[in-house]
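Below is one structure; the comments refer to it alone.
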Amino acid sequence: MEKKTAYPFCAIVGQEEMKRALILNMINPLLGGVLIRGEKGTAKSTAVRALADVLPERAEVEGCRYACDPSDDSFWCDECREAAIPKKELFRRMRVVNLPVSATEDRVVGTIDIEHAIKHGEKRFEPGILAEANRNILYVDEINLLEDHLVDVLLDSAAMGVNSIEREGISYTHPSRFILVGTMNPEEGDLRPQLLDRFGLVVNIQAEDDIGRRIEVVKRRLAYEDDPEAFARLYSGEQKMLGERIEDAKRRLRSVTYSEDALKLIAKISVSLDVDGHRADITMLKTALTNAAFRGAQSVGREDIAAAARLALPHRMRKRPFDESALDLFDIEKMIEKSDFYDE
Amino acid sequence: MMNDSFYPFSAVVGQEDIKLALVLNLINPAIGGVLISGEKGTAKSTLVRALSRLKPDTRVVSIPLGITEDRLTGGLSIESAIKKGIREFEKGLLYAADGGILYIDEVNLLSAHIVNILLTVSSMGENIVEREGISFSHSSRFALIGSMNPEEGQLKPSFLDKFGLYVEAKGEKNTEDRAEVVRRRIEYESSPRDFIEKYEAEEALLRKRIESAVRALGEIRLSEPQYALCADIAREGRCAGHRCEIVLAETARAHAAWNLKSSVDDGDIKLAARFALPHRMRALPELRPEPEESGAADASGADQNNAQDTPADLPENGDIDLNGDSGKEDTSEIGEKPNLSISSDFRIKKLLLGSGKRNKAKTSSRSGRYVKARIPVKKTNDIALDATLRAAALYQRSRERDGNAIAVRQSDIREKVREKRTGVTILFVVDASGSMGSMRRMRAVKGAVMALLDEAYQKRDRVGIIAFRDKGGETLLNITRSVDLAEKELRVLSTGGKTPLAAGLLHACQLLTTEKLKDPDALQYLVLISDGKANVPLMSSDARKDSSAAAERLRTLGIQSMVLDTEKGFIEYGFAKELAGLMGSTYVKLDAISKSEITSNIKEMIKIQR
């Protein structure tokens, strides 16, 4: 089947927060993924699918079922570890791996290879979705409808970056480090607290209010449907620039610094919000560092912390009924503004 | 795989209780492990994973949540049977864990069947496998370590008891410490190897100290009076069985060894009690305040009750220091039985517990977690391949194989037994409008919800609340089984305004329909608490006509329901009764609007229809 040219990421109108959150995760896969909350028809899945096309190809070990990175042996699968060097490399783009809500557990974690067992009388592991997702984007649409036991296995892998299988006569462990991207419509119920907390960032999106922008959304969509390839060509320059900017930010991420003031401010925000545990603080600083890298700065500034707070906090504040949580975020922004923070 | 890149134990900021409990278990495995319960993101599992580096000869075997029975207990080796034609036992994780630590992250999510196996094996210290033509047994003694977030549900008491100790994880509250947590984490992530290297000296010190404590342990014994003290503590805590005394004694010994002392003092026992008792203490009837049953006092009563019982305020004092010796805190002479009482001297608070057994229903659909296999009763499309192969493997020598390695016949087919958390979903739809006594009504409902959730651990019941007032229906509490979550979400209740009954009912339809998609096996109940006097229309201009229409919709969706009529006053309109007729629901006129009145009516309904 011929793959239809995907809608270009840069052609998505508005939804800046969502785009920012996705881009930051591409730069720094350790941020912990994005949960996108919003109504239907707000380009959620379009954006996720389009994202992978922005990045240039990257190296994988040829024939490896987990797309191991040839240059980083600390996360190799057992096969790559045991294999004789030199390894052949293969260049491929990052992929978006789908986890459908209706998936069965054996397809998700992997299972015993039936054919091999019957033909050869040997047990062999048949990798599942969590294997495919290694070094890729794991995309779960309507993640709040995912069955409890699937959420459990997802939690296990997301926490450790490893999928451990002890089932159906199979005992096997393989790397499963993925960028978790979930979407949900909050009207259809909430996520379990444990899974919610695993998401580094959360964005709430709404359809555009502005008439002019709404018209632009429709125009672009029609132009794309009409001739996907011609449409994609229109944006190829912009796409390439974004890709290079992300690659550049990736390279510079390690050298971005943060001041004591920045760290204290982050801790102060968390204390004042009375968040559970420490994940909020850690994610905020990581996000701020990544955001600084993306905008080309050397160190974390006020605006990076503000951006990080907007993305990392909404799902970690204790919610009060009949209470607008937006008010709290507003307070935080004021706190950041007023802080005696030295901006370069 | 990747063990070498774990975050180092000594680099974790704070969490002294957890560290101490874990270290004591390394020193003396006879303590039997520890359950770490607490809020998310508090280094619970990080600390456990780091253990293997502190005592290199200790194996830490992790059980993934998706484990199936055959891999836990072990079973017939398919390969040996087919290739060599011999029956050979393939060892499972219980074998690997013998003499070491068995670790389960998110232990409260483990399947009931797997929990039962763990219970049996850990009380016998032996794993006995009798199936698939295999008869095999081996020793399986392990310290059980679990971590969990209580927001996702509790453990049943018999399982709790298998964990030697219990500790609470909490985030650091002061800014300096929080900043340090972040600083170290970022440093670690930017270069795990350098970070681990940096803490190696500290880790080595810790290793050495544990090593010498292990050597010292053999010489350390409790005196007769100290044994008696342990027994006293266990009795006063009304702990079932004798495990509590044993754990107290073993923990006290380990703590003495850790502090390089040659004998146990009362400080050691005191510390042991703090860790060994919380999850074992049973209700002290005379201490438990009878909850008041009416009006506003009801809700506050429930609140207090909770505050007292919540594990969150357990060990608050930070006076246990990993490096310090705790001899300072108690000076009673050894040899003489000190007069300590757990209520005043130990400041131990009982854990909030469900009492019965948690029910995970076997499900007939293909969804749910595969836990074991069985011979199918009728035709199945959910074949358990591994079990089928094991069944077939035994007969391969006598079968025609057609070029395949194995021939499978109809009689070998096994099907999967799946397990799924099911239970009853109860959705309250409550009138929070301005009519008299609505705040009282809301508080009573909150009390009822907390009471139902309290028992939800045994039945896997889930509860939600929709309130309607003013402009529409609002989900106050999304359908949940978490007491903690309910407590958090229901802290503030608002009332007042008009009565949009129809909006409330339709909101409920919507919520229950989506819930049905997620959990088709659960039984759903809707409980409407109102006097039925709607005054905000939804679709037409007639509020009562709209609520009648909404009521009929509920009926066509086949949702079981109950109407608790709160109508008061001289002239009775009977609107709620009329609605009950349209919904096809059980109708009860409430004599008093109280927590107990609501809960008892609901329990009655569920009991009849279950």
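Going line by line, the protein sequences match chains A and B. When we follow the working numbering, the leftmost residue of the first sequence carries the number 1, and every step to the right adds one. When we follow the working numbering, the leftmost residue of the second sequence carries the number 1001, and every step to the right adds one. Backbone N, C-alpha and C define an ideal beta-carbon position, used for all residues, glycine too.
Considering only A:R177, A:V96, A:A131, A:L146, the residue with the shortest C-alpha distance to A:Y139 is A:V96. Taking every protein chain shown into account, the CB of B:L1260 has fewer than 16 other CB atoms within 10 angstroms, so this residue is exposed. The C-beta distance from B:T1480 to B:A1432 rounds to 19 Å, too long to meet the 8 Å contact threshold.
When DSSP states are grouped into helix, strand and coil, B:P1500 belongs to the coil group.
In the three-state reduction of the DSSP assignment, B:S1037 falls in the strand class, which pools E and B. Taking C-beta atoms as the reference points, B:V1034 and B:L1165 count as a pair closer than 7 Å.
It is roughly 17 Å from the alpha-carbon of B:L1144 to the alpha-carbon of B:A1169. In the structure shown, B:V1429 falls within a strand segment according to DSSP collapsed to helix, strand and coil. Sequence-distant partners of B:F1275 (beyond 5 residues in either direction) whose C-beta falls short of 7 Å from its own C-beta, in its chain, are A1021, L1165, Y1166, V1167, T1251. DSSP places A:Q239 within a helical segment (H, G or I) once states are collapsed to three. Residue pairing by DSSP places A:H149 opposite no residue, since no beta bridge is assigned to it. The secondary-structure analysis by DSSP pairs B:V1167 across a beta bridge with B:I1036.
Straight-line measurement puts the Cα of B:P1192 at about 23 Å from the Cα of A:D248. In the three-state scheme derived from DSSP, where H, G and I count as helix and E and B as strand, A:M18 is classed as helix. In this structure B:A1272 touches B:H1255 by the C-beta definition: roughly 7 Å separates them, less than 8 Å.
In terms of Cβ geometry, B:C1230 and B:A1257 do not form a close pair [threshold 7 Å]. Around the beta carbon of B:Y1573, a 10 Å sphere encloses fewer than 16 other beta carbons of the protein chains shown; the residue is thus reported as exposed.
The CB of A:R254 comes closer than 7 Å to the CB of S1190 in chain B, given here in chain order. Contact between A:L285 and A:L263 holds, with the beta-carbon distance rounding to 7 Å and staying under 8 Å. Annotated three-state conformation of A:N291 is helix, per DSSP. Three or more Cβ pairs closer than 8 Å define a contact, and the stretch 96 to 110 of chain A falls short of that threshold against the stretch 36 to 44 of chain A. Assignment of B:T1556 by DSSP, reduced to helix, strand and coil, places it in the helix class. Here DSSP, grouped into helix, strand and coil, assigns A:A207 to coil.
Annotation: A:H149 to A:G32 spans about 21 Å, alpha carbon to alpha carbon.
DSSP, reduced to helix, strand and coil, places B:L1222 outside both helices and strands of the structure shown, so it counts as coil. Counting of Cβ neighbours within 10 angstroms places A:L222 among the exposed residues, the total staying below 16. In the DSSP assignment, A:H174 falls within the unbroken beta strand (DSSP E) covering 170 to 175.
For a Cβ distance threshold of 8 Å, residue set K1040, E1106, N1149, E1151, E1152 of chain B lies close to A:Q194, ordered along the chain. B:S1139 is bridged by DSSP to B:E1126. The C-alpha of A:V109 lies about 51 Å from the C-alpha of B:D1531.
For A:K264, at least one C-beta of chain B is nearer than 7 Å to its own C-beta. Your pair A:L195 and A:V151 checks out as a contact, with CB atoms roughly 5 Å apart and the cut at 8 Å.
Across the set A:A293, A:R233, A:V48, the C-alpha of A:V48 shows the shortest separation from the C-alpha of A:I179. Among the residues of chain A, those whose CB is under 7 Å from the CB of B:L1517 are L145, following chain order.
Sorting A:R251, A:E126, A:L99, A:P100 by C-alpha distance to the C-alpha of A:I112 places A:E126 at the top. The Cβ atoms of B:L1511 and B:S1561 do not sit closer than 7 Å to each other.
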